[in-house]
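Chains as they are written, first to last, in full-length UniProt numbering: chain D, 1 to 203; chain P, 1 to 203. Positions of the beta carbon are idealized from the N, C-alpha and C atoms, including for glycine. Note that the structure is a prediction, hence the values are computed from the model and not measured. This report refers to the structure that appears directly beneath it.
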DNA sequence: CCAGTAGGTTACTCGAAGTAAGTTACCTCC
DNA sequence: GGAGGTAACTTACTTCGAGTAACCTACTGG
C-alpha cells in the first residue's frame with residue numbers, strides 16, 4: 001500500500017515546488033497581511049521547512065516580490081491578449097480596462113496582495129508594484145501617441161496616469177459594490193475619462 | 001555650567017511630547033519605511049526611552065496611525081477652507097484639487113507616509129488611509145448630489161472614486177515631473193475628468 | 001519639606017527573520 | 001544492485017526588534 005499514489009509527496013522538482021510556494025504564500029499574505037504572515041507558517045502549510053523558502057526566495061521580501069511579479073506577468077499577458085484584436089484607441093482602452101476588471105475579479109487573492117499588502121512597506125515591493133502600473137501607463141501612453149503624434153508628451157503621460165488611477169480606485173470600490181461588474185465598471189471609466197481625452201486626440 | 005539654558009529639556013507636558021513624537025515618527029517612517037523604522041530609533045531621536053512611545057501610542061502601529069490621522073485632519077481642514085468660497089460644482093472641484101496638490105507639495109513627508117509606507121500591511125493603518133479617501137469621495141459625491149438630485153447614486157459614487165484615484169495617481173506622477181506644479185496638475189485632472197461628468201450633471 | 005503624581009528609565013521576555021551545518025531520498029552508471 | 005554524487009530537505013541555532021514589568025525622579029501644591 002501507499003505505493004505509487006500520492007499520500008505524501010516529498011521531494012518535488014525545483015520549479016514545481018517554487019510554484020507551490022508562491023501559491024501558498026499568496027494565500028497566506030492575502031489572509032494575514034504581509035507583516036502578520038510568518039515564514040514558519042508558510043513553510044508549514046507548504047509542508048516543508050523554513051530554510052527551503054530562503055533557498056528559493058532569499059528573504060520574506062523576496063517571496064513577496066515573487067508573488068507580485070507572477071501576478072504582474074499574468075496581468076500583462078491577459079491585457080495584451082485582450083487588446084490584440086482592437087483597432088481604434090477607444091476599443092483598445094475599453095478592452096484593456098475590461099480585461100483588467102475581469103482579472104481582478106478572478107484573482108481576488110492576487111489583487112488583495114497588490115493593494116493592501118503589497119504597498120506594504122518594503123521598498124522593493126513598492127517598486128515592483130509601481131512596475132505594474134508603469135506597464136499599464138506606458139501601454140496607454142503609447143496607444144495615444146500612436147494615434148496622435150501631435151499631442152504633448154507630458155499630457156499623454158498625465159492622461160495615462162489618470163486612467164490607471166481611476167481604474168485602480170474603481171476596482172477597489174467594486175468590492176464594496178458587488179452589483180457593479182467588470183462591464184459596468186469599464187463603462188464608468190470610459191464615460192468619464194474618454195470624453196475628456198477624445199477631443200484631444202481627434203482634435 | 002549648563003545651568004538654566006536648554007541643553008537637555010526633559011519632562012515636557014504630555015500634549016507637547018506627543019506632538020514631538022509624531023513629528024519625529026513621521027520623519028523616521030518616511031525615511032526608512034514602516035518596517036525598517038525601529039521604535040528604539042524613534043525613541044532615541046525624540047530623546048526619550050521606548051516605553052514612553054508605548055505609553056502614548058500603545059504600539060508601533062498605533063504610532064503610525066497617529067501620524068496618518070494627523071495628516072488626514074490637516075488635509076481635511078485645508079480642503080474645506082479652500083472650497084469654502086466656491087459656488088459652482090466646477091469651482092468646488094477645482095479648488096479642492098488645487099488644495100490637495102498644494103498640500104502634498106508642502107508636506108512631502110506626510111504624503112510619503114500616506115502612500116509608500118502607510119498602505120503598509122497593518123490592517124488598521126489601511127483602514128485609516130481608506131478613511132482619508134472616503135472623506136474625499138464623500139465630499140465629492142455630496143457636491144455632485146447637491147447640484148443634481150437626479151443623478152444615479154451609484155454613478156455619483158463611481159465618479160467620486162474616479163476623481164480621487166486620478167488625483168492620487170497624478171500626485172505621485174508629479175514627483176517624477178517636477179515641472180508639473182499644483183496648478184497644471186489640477187488642470188489635467190479637470191480637463192479629462194470634468195468634461196466626462198459635466199454633461200451628466202447639467203443634463 | 002514632605003507627599004503625590006506626571007513623566008521617565010532600566011532591564012527584561014518573546015516571537016519571528018534569517019543561517020550554518022548536517023541529513024536523506026533519489027538518480028545514475030558501472 | 002550497490003557505490004556515490006547531488007538535489008532536496010531538516011534541525012538547531014543566532015539575532016534583532018516589538019512589547020512589558022517594575023522601578024525611579026523631577027516638579028507641584030499644601
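Between residue 84 (chain D) and chain P, the shortest Cβ-Cβ separation is not below 9 angstroms.
About 5 angstroms separates the beta carbon of residue 96 (chain P) from that of residue 83 (chain P), a gap short enough to meet the 8 angstroms contact definition. The Cβ atoms of residue 76 (chain P) and residue 42 (chain P) do not sit closer than 9 angstroms to each other. Contiguous alpha helix (DSSP H) elements confined to the segment 5-44 of chain D occur at 14-32, taking only those with 4 or more residues. Nearest in C-alpha terms to residue 58 (chain D), of all of D:39, D:150, D:47 and D:185, is D:39.
At a C-beta separation below 7 angstroms, residue 94 (chain P) has no neighbours in chain D, since its nearest C-beta there lies roughly 14 angstroms away.
For residue 151 (chain P), the three-state secondary structure derived from DSSP is coil. The segment 170-179 of chain D makes no contact with the segment 185-201 of chain P; the number of CB pairs closer than 8 angstroms stays below 3.
Rounded to the nearest whole angstrom, the C-alpha separation of residue 78 (chain P) and residue 106 (chain P) is 12 angstroms.
Here the alpha carbons of residue 32 (chain P) and residue 197 (chain D) stand approximately 39 angstroms from one another. For residue 69 (chain D), the uninterrupted alpha helix (DSSP H) segment begins and ends at 60-83. Setting aside the 5 residues that flank it on each side, residue 14 (chain D) is surrounded in the same chain by 56, each with a C-beta closer than 8 angstroms to its C-beta; the list follows chain order.
When C-beta atoms of the segment 158-172 of chain D are compared with those of the segment 128-144 of chain D, three or more pairs fall below 8 angstroms, so the two segments count as touching. Shown in chain order are the members of the segment 124-139 of chain D whose Cβ falls below 9 angstroms from a Cβ of chain P: 126, 130, 133 and 137.
Distance from the CA of residue 192 (chain P) to the CA of residue 191 (chain D), rounded to the nearest whole angstrom, comes to 11 angstroms. Residues of chain D with a Cβ closer than 7 angstroms to the Cβ of residue 168 (chain P) are, in chain order, 165. Interface residue (Cβ-Cβ distance to chain P less than 9 angstroms): residue 103 (chain D) is not classified as such. Here DSSP, grouped into helix, strand and coil, assigns residue 189 (chain P) to helix. Between residue 80 (chain P) and the set P:48, P:100 and P:61, the nearest pair of CA atoms involves P:100. Just so you know, the alpha carbons of residue 89 (chain D) and residue 168 (chain D) end up roughly 20 angstroms apart. Taking 9 angstroms as the CB threshold, residue 44 (chain P) stays off the interface with chain D.
Spatial neighbours of residue 98 (chain D) in its own chain (CB-CB distance under 8 angstroms, excluding positions within 5 residues in sequence) are listed in chain order as 82, 182, 183 and 186. A direct Cα-Cα distance of roughly 11 angstroms separates residue 157 (chain D) from residue 174 (chain P).
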